[in-house]
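For the numbering used here, add 125 to where a residue sits in the sequence shown, where the first one is 1. Report on the structure given below.
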Amino acid sequence: MEERAETDRRTASAVRRVVGWIRSFFRSRVPRRAGLGLLVFGVALAGVVVGVLVGARTETDVGPFRAEMSIAPSFVGDTEVAIPPLGSLHLDSHDGPAHLNVSLGALDQGRTEALIDDPAGITRASQTAVDDVKKGLIQLGMRTVAVSVLFAMALAALVFRDIRRVAWSGALALVIVGTSLGSAFATLHPDSIEEPRYEGLLVNAPAVVGDARRIADDYDKYAEQLQQLVANVSRIYTTVSTLPVYQPQEGTTRILHVSDLHLNPSAWPLMRTIVEQFGINAVIDTGDITDWGSEPEASYVASIGLLKVPYVFIRGNHDSAATGAAVAQQSNAVVLDNSITNVAGLTVAGIGDPRFTPDKETSPTGSGTSKQTVEQVIGAGERLAATIRASKDPVDIALVHDPASAGALSGTCPLVLAGHTHERKVSTLSQVPGQMTTRLLVEGSTGGAGLRGLEHDEPLPLAMSVLYFDKETRALQAYDDIKVGGTGQSQVTLERKVVDDEHPAPAEGQRPAPTPTR
């Protein structure tokens, strides 16, 4: 019993000594300093995170684009590049703890016009793009360090109200940011650009165009030959204009008919050249200016303003309501949807395609020729015909996207313009007894069918037409069919047709089935 009591006394004594040591330790300055140090570090870290989220962003010029760069805290790092209207791509560019975001914003109109006026500028812009990005990253890094330190010191001032602890917080913030950016740079993966991960519209690009390197090379060749292309257009027009067959009189109204641009950026400089060289009074677009009708694609239509002439537009089956709204926002554009407008002395009526089928692969099977679709397409033409007949003023031109909508317009106006098929065709609609003859002009693809035009070895040419109208009678006198070789080519052909001398083939029935969605 005595031995057990002695053991208990010794144990109790040891416990009292340990408790005493613990009390002495916590009463000393060491734990208080450690706790204060952790608190200062936590405040500095919180200030860095808030500063990065709020202020770690900058804007810089990358070619004709105004790009915004930003950094966000991350455990995995990586880079996301947003490229409207195509979507975004993700690069495994580096490891954490900083994620880089790059967003290419709106085109700068001045720089864009300079590139269009000087085709060699496209090459120079591509060469300086890397330097522009490096400059932007340096600015972003310096701004990130500055805002992080300032936010950390400001937060420390609110928490501690002590100048030494504020200074320590700023120093710790500098170390945290510097270490983070340094680790991102140290783990840089230069080869990541070879294997991007696509999101948004860019997901479709590899499947549609195949090898991205080949497409880029083809487009570079096209850009290099752009100046020759412009010269060819001017030269051919000068030659054709001197022919005795038809010479446009002074005051002749000249309309440029385009269709199915399908996001091809090459279409804009060519259209601008035609507008300037041919003295175009207005442009008429019969739809499919975009591919998927998505909101990011809306930035593509901003180039309409560069043409500096009235632009009349109807939606195609690839254009959404958002696309139409984006076009309508352009100062020189008019969007028709079962409505009538006056432009360049001509009365024009138009209606958008009733369908919205941006992706034929995901559209319902047979949607292009189903009974419901046929009724929708033909019904669009019937609604427009009713609108024209109810108009007090005679209509000179009617616009539909799918030529299958044109049948009901026979006898309501002398001319119907359409697109959709990506193939040029001239015909006359089945004549209604006692009414005027109506001519149907179906345009090819002014955008060479966009990405689809690059699927084959022989790219689809860019096609458009210049229509000549008598100023007094407002009747179509002649038209020039212009074709420019597809991407990577620079051949230009121009064929002038005088209306009185040609005999268009009759259309294949008044109510044809709509062509499949393209």
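For glycine and all other residues, C-beta sits at the position ideal for the given N, C-alpha and C.
Open item on the list: Between the segment 430-442 and the segment 451-467, can you find at least three pairs of beta-carbon atoms closer than 8 Å?
Closed with: yes
Open item on the list: Helix, strand or coil, according to DSSP, for D444 in the structure here?
Closed with: coil
TODO: Please work out which residues of its chain come closer than 8 Å, Cβ to Cβ, to G652, disregarding the five sequence neighbours upstream and downstream, and give them in chain order.
DONE: Residue coverage of the chain in this structure runs from 126 to 643, which leaves residue 652 outside it and unanswerable.
Open item on the list: Can you list, in chain order, the residues of its chain with a C-beta nearer than 6 Å to that of G376? Leave out the 5 residues immediately preceding and following it.
Closed with: K596
Open item on the list: What would DSSP say about P198, mapped onto helix, strand or coil?
Closed with: strand
- [ ] Return yes when the Cβ of D444 is within less than 9 Å of the Cβ of T415, no when it is not.
- [x] yes
- [ ] Go to M396, then tell me how far its alpha helix (DSSP H) extends in each direction, as first and last residue.
- [x] A392 to F403
Task: Three-way DSSP call (helix, strand, coil) for L163 in this model - done: helix
TODO: Below 6 Å CB to CB, which residues in the same chain sit around A197 once its five sequence neighbours on both sides are set aside?
DONE: H224
Open item on the list: Going by C-alpha to C-alpha distance, which of P528, A446, V557 and T598 sits closest to G536?
Closed with: V557
Task: E548 in three-state terms, based on DSSP - done: coil
TODO: Could you please give the first and the last residue of the uninterrupted beta strand (DSSP E) stretch that includes A588?
DONE: L587 to F594
- [ ] Decide if F310 is buried, meaning its Cβ has at least 16 other Cβ atoms within 10 Å, or exposed.
- [x] exposed
Open item on the list: Give me the DSSP bridge partner(s) of V619.
Closed with: The sequence as given places Leu at residue 619; Val does not occur at that position. Answer is I607.
Task: Span of the beta strand (DSSP E), counted from its first residue to its last, around T466 - done: S464 to V468
Task: Inter-residue Cα distance where the pair is F594 and K496 - done: 38 Å
Open item on the list: Out of V227, F166, T204 and D257, which one is the CA nearest neighbour of L280?
Closed with: F166
Open item on the list: Need the endpoints of the beta strand (DSSP E) that T571 sits in, please.
Closed with: Neither: T571 is in no beta strand (DSSP E) and is coded neither H nor E.
- [ ] Would you mind stating whether A543 and P528 have Cβ atoms separated by less than 9 Å?
- [x] yes
Task: Segments of 3+ residues assigned as beta strand (DSSP E) that fall wholly inside the segment 501-531 - done: 522-524
Open item on the list: Is the separation between the beta-carbon of G569 and that of D385 shorter than 9 Å?
Closed with: yes
Open item on the list: As a quick exercise: from V624, V187 and A600, pick the residue whose alpha carbon is nearest that of T472.
Closed with: A600
Open item on the list: Quick check on D416: does DSSP put it in helix, strand or coil?
Closed with: coil
TODO: Measure the CB-CB distance between M194 and G261 and report whether it falls below 9 Å.
DONE: yes
- [ ] Name the one or two DSSP bridge partners that S228 has.
- [x] E193 and A207
TODO: In the DSSP assignment, find the alpha helix (DSSP H) that holds A292 and state where it starts and stops.
DONE: I288 to A311
TODO: Confirm the yes/no value for this check: CB of L585, any heavy atom of the ligand SAH, distance under 8 Å.
DONE: With respect to the ligand SAH, the structure offers nothing, as it holds no ligand at all.
Task: Beta-carbon separation (whole angstroms), V274 vs T571, contact threshold 8 Å - done: Not quite, the Cβ-Cβ distance comes to about 53 Å (not below 8 Å), so this is no contact.
Task: Rounded straight-line distance, which links the Cα of G418 to that of I263 - done: 36 Å
Task: Residue burial classification, F200 (beta-carbon count within 10 angstroms, cutoff 16) - done: exposed
- [ ] Could you tell me which residues DSSP pairs with R379 in its beta bridges?
- [x] Y593
Open item on the list: Going by beta-carbon coordinates alone, are L619 and D606 separated by less than 9 Å?
Closed with: yes
Task: For Y436, the first and last residue of its enclosing beta strand (DSSP E) - done: Y436 to F438
Task: Beta carbon of I380 nearer than 9 Å to that of A407 - done: yes
TODO: My understanding is that H526 touches D478, with C-beta atoms under 8 Å, so please give their C-beta distance in whole angstroms.
DONE: 4 Å
Open item on the list: What does DSSP give as the partner residue(s) for G475 in the beta ladder?
Closed with: S464 and L524
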